[in-house]
DNA sequence: AATCGACCTGTTAGCGGTAACATAGCGACA
DNA sequence: TGTCGCTATGTTACCGCTAACAGGTCGATT
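Residue numbers (the numbering used here), protein chains in the order written: chain A, 3 to 351; chain B, 3 to 351.
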């Protein structure tokens, strides 16, 4: 048998009316006190607060939102929570929203367009104040919903394509090109690519496209590739590295589509006495913080995740504060290349 | 200027009335069609669906929830998203809830009780169908809110203490004892502990308590300790290991409060030619998957994270389906010890 | 003393749905 | 043919709160 200490268990959830009766003022006045809106005498304010606390009243935002047609939620739609990158984006978002009334609500799509569509529908049905969604690729229906929602929409992570409304991110094509350029400049020639099989990870695809494009300009092409499916993991990186190197032993550079498998590859190379970056150079993508502790620092490219989260949230917050704002902001961040210890600096000085 | 392809931009968001007018039936009938509730002729059903699709109507759950006093949300309140363990719990939760109408909504507390209280208040004000909250320790106000909410509450991760309603987890005291036992059995004597400074991580504290308690029974005590603050990271593990070993060089075992810093320690030891597990044994806590790729497998104890998520969600789902259900379920899972390559098996055979 | 405005409180009418209860149509069956 | 029972649809009354407006009080100002 459950027992609450002070008062009998409420069978019916508490409403403003209960607080109003307990404090002897109208519901409206209670509402004003609880929202700090309008003028209320210090005297009644205290009476009301005391009553509310005493009863353990928690306002019903559903009713409040319906009546005021204001909902302090921001829908955040991302592909995954399990790979460190989106949690960092969330950090940036929370950092900004914590200073406002707004609250993020997360939906996860697992990189499936139809899931995205469903999650989006679900979220929009709560009439949030804004949407932050990863990527520029969506189903037609999803695009239609977003356009019609009449709220600020920020597409994040990627800027290679057309945004519905605002967008914040980096150019993954450019990131791929930049990395290829650094590799070429360092004098590597036999380049292998290791990435995910996921055809729906558009950003990984765009990086790869930029990468090959830039190699092509230097008269090079990817000498061998290896793909995997499933989450990014150290063990996968090891395996793949072993596979690709036994198939094509003369590779002198390995470009990984994310830092995690890159780190696995690094560990593999070190254990097998491969000279990194002399014999083989390595690079990943993301700038994941925890890799700091590895025996050697993997070359990588920072995807500006926290910064993207911040900028996106800021756009939503600004527009929520000032609904007449212009819109269509485009923020393109520049990913910075970190050579680490696994990519030689220039060849020719 | 924004352009939606088909129809003019709706200035006023669409309502049931719009769909009702467009399809020539009453709002009620539209509502029935959209929810698959009650009898509607195939003919009108199609008419209505066509109209809804055509207009791009998205139902307003706020109004629906208010009218039906049913909200298909489950509040999930966790300390952090950035350390791999809670994302895994989320995976378990989603796995179960995906088969129901229910939807998880995540709130993050950053291990701060007052944040927890605020987040809880915020979430309860949406009148969710249930709450899953990490830990058994809450502020008095939070406990009062939870008790009074009149919805299923599942406290997860920990079972060392009193639950408000249902609970699913492992005993961290027991986990600490079990690990200590294995270490003692393997013949280690000079044991160091490396953990978080966070006094509010009650589960880490309980593990430590169980650990020392069990050592004490064997006439041992922790020979040295080292604490850190900030996120778990490989680099931190390295540093701390270096620090503790230079201060107390004769340690023969290092127990880390999580796998991440344990992995950092492992890398440090390997690089410095320390014989693991001969000269020094190592163990962490959590069974984090990605560590699979490390040069050597760290001894650890599985915290049953996915399973905890599943069980908790199942309790909420069951009670949502059958509101008269009993309640007060207590699910205690048994963490399994993985010796890995860093903890000697028995000493005496 | 009359007027005004600042302050405080209450009243009314929804917000956009849904539960619950009509009502209409229609074939079946005695 | 009247009545029953079923399906298909409509009507009404809220759900709990807030916007908007309508007082009432009271000291200050003219």
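Yeah, the Cβ is synthetic: ideal placement off N, Cα and C, and Gly gets one too.
{"Asked": "Run through the segment 74 to 109 of chain B for me and flag every whole alpha helix (DSSP H) of 4 or more residues, listed as ranges in chain order.", "Found": "87 to 99"}
{"Asked": "Measure from the alpha carbon of residue 325 of chain A to the alpha carbon of each residue in A:118, A:154 and A:278, then state which is nearest.", "Found": "A:154"}
{"Asked": "Is residue 299 of chain A close to chain B? Criterion is C-beta to C-beta, closer than 8 Å.", "Found": "no"}
{"Asked": "Residue 325 of chain B CB to nearest chain A CB: under 8 Å?", "Found": "no"}
{"Asked": "Roughly how many whole angstroms lie between the Cα atoms of residue 1 of chain A and residue 129 of chain A?", "Found": "The question about residue 1 of chain A has no answer, for chain A in this structure spans 3 to 351."}
{"Asked": "How would you list, in chain order, the residues of chain B whose beta-carbon sits under 7 Å from the beta-carbon of residue 199 of chain A?", "Found": "Result: empty, since nearest Cβ-Cβ is about 18 Å, beyond 7 Å."}
{"Asked": "Suppose the cutoff is 7 Å on Cβ atoms and the five residues either side in sequence are ignored; what does the same chain contact list for residue 67 of chain A look like?", "Found": "73"}
{"Asked": "Verify the CB distance criterion: does residue 115 of chain A have a CB-CB separation below 8 Å to chain B?", "Found": "no"}
{"Asked": "Taking C-beta to C-beta, are residue 229 of chain B and residue 197 of chain B nearer than 8 Å?", "Found": "yes"}
{"Asked": "When you compare only the Cα positions, how much space is there between residue 250 of chain B and residue 272 of chain B?", "Found": "18 Å"}
{"Asked": "Let me know the secondary structure DSSP gives residue 12 of chain A once reduced to three states.", "Found": "Unreliable placement is indicated for residue 12 of chain A, whose pLDDT of 48 sits below 50; the coordinate value is still reported in the next sentence. Coil, per DSSP."}
{"Asked": "Give the DSSP-derived three-state secondary structure of residue 153 of chain B in the structure shown.", "Found": "coil"}
{"Asked": "Classify residue 175 of chain A as buried or exposed, calling it buried when 16 or more other Cβ atoms lie within 10 Å of its own Cβ.", "Found": "buried"}
{"Asked": "What are the residues in the segment 107 to 131 of chain A lying within 8 Å of chain B by C-beta distance?", "Found": "107, 108, 110, 123, 124, 126, 127, 128 and 129"}
{"Asked": "List in chain order: all unbroken alpha helix (DSSP H) runs of 4+ residues lying wholly within the segment 221 to 304 of chain A.", "Found": "236 to 249 and 261 to 273"}
{"Asked": "For residue 294 of chain A, decide whether its Cβ has a neighbour in chain B, counting only Cβ atoms nearer than 8 Å.", "Found": "yes"}
{"Asked": "Can you name the residues of chain B whose CB is closer than 8 Å to the CB of residue 84 of chain A?", "Found": "86, 89, 90 and 93"}
{"Asked": "Who are the near neighbours of residue 22 of chain B in its chain, counting only those whose CB is closer than 7 Å to its CB and skipping five residues on each side?", "Found": "28, 29 and 32"}
{"Asked": "Taking residue 320 of chain A as the reference, which of A:99, A:209, A:296 and A:187 has the closest Cα?", "Found": "A:99"}
{"Asked": "Note down, in chain order, every chain B residue with its Cβ under 8 Å from the Cβ of residue 58 of chain A.", "Found": "146, 147 and 150"}
{"Asked": "So who's on the other strand from residue 159 of chain A, going by DSSP bridges?", "Found": "A:171"}
{"Asked": "Identify every residue that forms a DSSP beta bridge with residue 195 of chain B.", "Found": "B:227 and B:257"}
{"Asked": "For residue 166 of chain B, which beta-bridge partners are listed by DSSP?", "Found": "DSSP, once it has assigned bridges, lists no residue as partnering residue 166 of chain B."}
{"Asked": "Is residue 335 of chain B helix, strand or coil by DSSP?", "Found": "strand"}
{"Asked": "Can at least three beta-carbon pairs, one atom from the segment 79 to 98 of chain B and one from the segment 304 to 316 of chain B, be found at a separation below 8 Å?", "Found": "yes"}
{"Asked": "Name the chain A residues whose beta carbon is nearer than 8 Å to that of residue 61 of chain B?", "Found": "127"}
{"Asked": "For the segment 126 to 142 of chain A against the segment 157 to 171 of chain A, do three or more pairs of beta-carbon atoms, one drawn from each stretch, fall closer than 8 Å, so that the two count as touching?", "Found": "yes"}
{"Asked": "Just to make sure I have the definition right: I need the residues of chain B whose C-beta is within less than 7 Å of the C-beta of residue 273 of chain A. Which are they?", "Found": "297"}
{"Asked": "State buried or exposed for residue 337 of chain B, treating a residue as buried only when at least 16 other CB atoms are found within 10 Å of its CB.", "Found": "buried"}
{"Asked": "Taking only beta-carbon atoms, is residue 64 of chain B less than 8 Å away from chain A?", "Found": "yes"}
{"Asked": "Where residue 42 of chain A and residue 166 of chain B are concerned, what is the direct C-alpha to C-alpha distance, given to the nearest angstrom?", "Found": "37 Å"}
{"Asked": "Report the residue ranges of all alpha helix (DSSP H) runs contained in full by the segment 114 to 155 of chain B; include only those spanning at least 4 residues, in chain order.", "Found": "115 to 126 and 142 to 150"}
{"Asked": "Could you give the C-beta distance for residue 79 of chain A and residue 122 of chain A, rounded to a whole number, given that I count them as a contact under 8 Å?", "Found": "6 Å"}
{"Asked": "Can you list, in chain order, the residues of its chain with a C-beta nearer than 6 Å to that of residue 169 of chain A? Leave out the 5 residues immediately preceding and following it.", "Found": "157, 161 and 332"}
{"Asked": "Name the residues in the segment 259 to 272 of chain B whose C-beta lies less than 8 Å from a C-beta of chain A; which are they?", "Found": "262, 265, 266 and 269"}
{"Asked": "Please state the DSSP three-state secondary structure of residue 343 of chain A.", "Found": "coil"}
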